[in-house]
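Residues are numbered in my numbering as their position in the sequence shown, beginning at 1, plus a constant of 676. C-beta: ideal position from N, C-alpha, C; glycine also. Notes for the one structure printed next.
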Amino acid sequence: PQPGATPTGDYDFIVVSNRLSVDRVVVDGESDWRRSPGGLVTALAPVMAQADGAWVGWNGAVDEPLDEFDHSGMHLVPVDLSQQEVELYYEGFANATLWPLYHDVIAPPEFHRTWWDAYRRVNRRFAEASAKAAAEGATVWVQDYQLQLVPAMLRQLRPDLRIGFFNHIPFPPLEIYAQLPWRQQVLEGLVGADLIGFQRPGDAQNFTRCVRRFLGTASRQGIFTVTDEDGSERRVEARSFPIAIDAQHIAELAADPDVIERARQIRHELGDPTTVLLGVDRLDYTKGIPHRLKAFGELLEDQRVSVEDCTLVQVASPSRERVEHYKTLREEVESTVGRINGTFDTLEKTAIRYLHQSYPVEEMVALYLAADVLLVTALRDGMNLVAKEYVAARTRNSGVLVLSEFTGAAEQLRQALLVNTHDIDGVKNAIVRAIHMEPREAARRMRAMRKQVLDHDVQRWSTDFLSALQEQR
Ligand code: G6P
């Protein structure tokens, strides 16, 4: 290496994401590790458990510098965030600017220069941590909207690396992306990668349109040429790699006698209703939980369903609780649930069993097995892995998936009952149709969706991405 060059590390393969697979939590005064929330970790944890590499990311705690450590067969390299960085970078720029902007401005994004400064600073720290861990010529795979500047920063520090980027959330249409005051800088950060992956072909198209408009770089079929600082030219590709789950693992859990027994117990504890409807989401305004509750409440009111034979279980796991829009959403959801239950519950039966909690995967699979219908009514969702998990768990080909058109998953799970979440009557009709669907029709649909989910698992997703990245140069 040249004098003054960044020293190299030991790892030939590195994943970098805002969150590590586990979160630092304190239980009864003792600190412990808990699985991190969200689809990114659901998908990447099984990939990293098989791979020989390091995972660079935040440990979920504040001002708690930690050494590298091993956990569930993974080598984890923690990046520390201060209280102020959590507020400005994580709760601010990542989750009150980019998240709403990239999800169709369902909530209005806020633009603050102090948040942007923190985003840049923290992205640099992630880039430096990755540069330090990466061996000569290593492959570094950067994940998601929190770290869009890392590819270019990393390339500057370590031109020897092969750099991939994958965006787990939608990439917005140009007309919306254009609002971002730092639209050019963010694109410059992303094109530091050799390969930029998106969930849907439409996301990749939105991105290449933005690159053409704001960087003046034209592309052909997602392939374009970027000139680096040293004047050298580099080929960059943007295309879709729809993310998946460890389907075999979910199917195995669904066949586990303890999990099957737990599913039976759940139905019993709910009063053995004829139909169990289920919703599973992070408590996020992109998930369309109020729309789902409205539809269900109206069905009760119209007497098209009754609490005597139908219960909705809504798991809403806590998420980004200090961000304003999440607080308002929680109040809205909880008052709606209270109102619907107050109106329709009997002493014995409840309309909605609302659980503001998160559960281990075994309990989730038991819930999937206990549910006759899964309701996914997102207003916008990069993929939605809950839909894929439900399908993987339905080993007997029973059960119906009601799925929003506005999810990435809707492009692969074509045999679901697809709905436009904004069309409340349409959602209501789909729920009624799901409840009454003939077992033969349900089985035909579920079988086709199971084939899709089992054939395209997350190992295949990562192999597809990483081999495309190898071929880039
Ligand atoms: C989505 C994002 C992930 C994020 C997860 C949980 O799946 O794509 O990057 O980690 O939500 O959100 P949180 O803010 O708790 O990390």
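Return helix, strand or coil for D756, following the three-state DSSP convention.
coil
For T884, count neighbouring C-beta atoms within 10 Å of its own C-beta (all shown protein chains included) and say buried if the count is 16 or more, exposed if not.
buried
Between R695 and chain C, is any beta-carbon pair separated by less than 8 Å?
Judged by its chain identifiers, the structure shown contains no chain C, having just a single protein chain.
I need the straight-line Cα distance from P677 to D686, nearest angstrom please.
Unreliable placement is indicated for P677, whose pLDDT of 48 sits below 50; no coordinate value is reported for it.
On the three-state DSSP scale, how would you describe A1027?
coil
How should R779 be labelled, buried or exposed, when 16 other C-beta atoms within 10 angstroms of its C-beta is the threshold for buried?
Arg is not the amino acid found at residue 779; the sequence shown has His there. Buried, since its Cβ has 16 or more Cβ neighbours within 10 Å.
T1004 to V1052, Cα distance in whole Å?
21 Å
Cα-Cα separation, A1063 to N1096:
16 Å
Starting from the N-terminal side, write out each stretch of the alpha helix (DSSP H) that is 4 residues or longer and does not extend beyond the region 741 to 828.
775 to 778 and 789 to 809
E763 versus L891 - alpha carbon distance
30 Å
Please tell me whether, using a cut-off of 7 Å, the distance from the CB of N1105 to the nearest non-hydrogen atom of ligand 1 is below it.
no
If you draw a straight line from the C-alpha of E1024 to the C-alpha of A971, how long is it?
23 Å
Determine whether the beta carbon atoms of M1122 and G1075 lie at a separation below 8 Å.
yes
Shorter than 7 Å, the distance from the beta carbon of P713 to the closest heavy atom of ligand 1, or not?
yes
Classify R940: buried if its beta carbon has 16 or more other beta carbons within 10 angstroms, exposed otherwise.
exposed
Use the C-beta contact count for R1136: other C-beta atoms within 10 angstroms, 16 or more gives buried, fewer gives exposed.
exposed
So, helix, strand or coil for T893, using DSSP?
coil
According to DSSP, is D1140 helix, strand or coil?
helix
Pull up the DSSP beta-bridge partners for Q990, would you.
G955 and Y1030
Tell me whether the beta-carbon of A730 lies closer than 8 Å to the beta-carbon of V753.
yes
In chain order, each alpha helix (DSSP H) run of at least 4 residues that lies wholly inside the region 1015 to 1078
1037 to 1046 and 1061 to 1069
What number of angstroms, rounded off, separates the C-alpha of P994 from the C-alpha of Q860?
33 Å
For K1104, count the other beta carbons within 10 Å of its own beta carbon; 16 or more makes it buried, fewer makes it exposed. Which is it?
buried
Please list the terminal residues of the continuous beta strand (DSSP E) segment that includes R834.
Where R834 is concerned, there is no enclosing beta strand (DSSP E), given that its DSSP letter is neither H nor E.
Under three-state DSSP, which class holds E1114?
coil
What's the C-alpha gap between D870 and E1065?
31 Å
Compute the minimum distance between the beta carbon of R695 and the heavy atoms of ligand 1, and state whether it is under 7 Å.
yes
What does R1156 pair with, by DSSP beta-bridge criteria?
Given a span of 677 to 1149 for the chain in the structure shown, any question on residue 1156 remains unanswerable.
Boundaries (first-last residue) of the alpha helix (DSSP H) holding L871
From DSSP, L871 is part of no alpha helix (DSSP H) but of the beta strand (DSSP E) over L871 to F874.
Which of the three DSSP states, helix, strand or coil, is assigned to P677?
For P677, the predicted structure reports a pLDDT of 48, less than 50, and the residue's modelled location is therefore unreliable. The matter cannot be settled from this model.
Does the Cβ-Cβ distance between T951 and D1048 come in under 8 Å?
yes
Among the residues of its own chain, which have a CB less than 6 Å from the CB of Y795, if the five just before and after it don't count?
Y765 and F769
Can you find a heavy atom of ligand 1 that lies under 7 Å from the Cβ of N1096?
no
For the beta strand (DSSP E) that contains L863, what are its first and last residues?
No beta strand (DSSP E) contains L863, which is instead part of the alpha helix (DSSP H) from R859 to L866.
What number of angstroms, rounded off, separates the C-alpha of P776 from the C-alpha of P784?
6 Å
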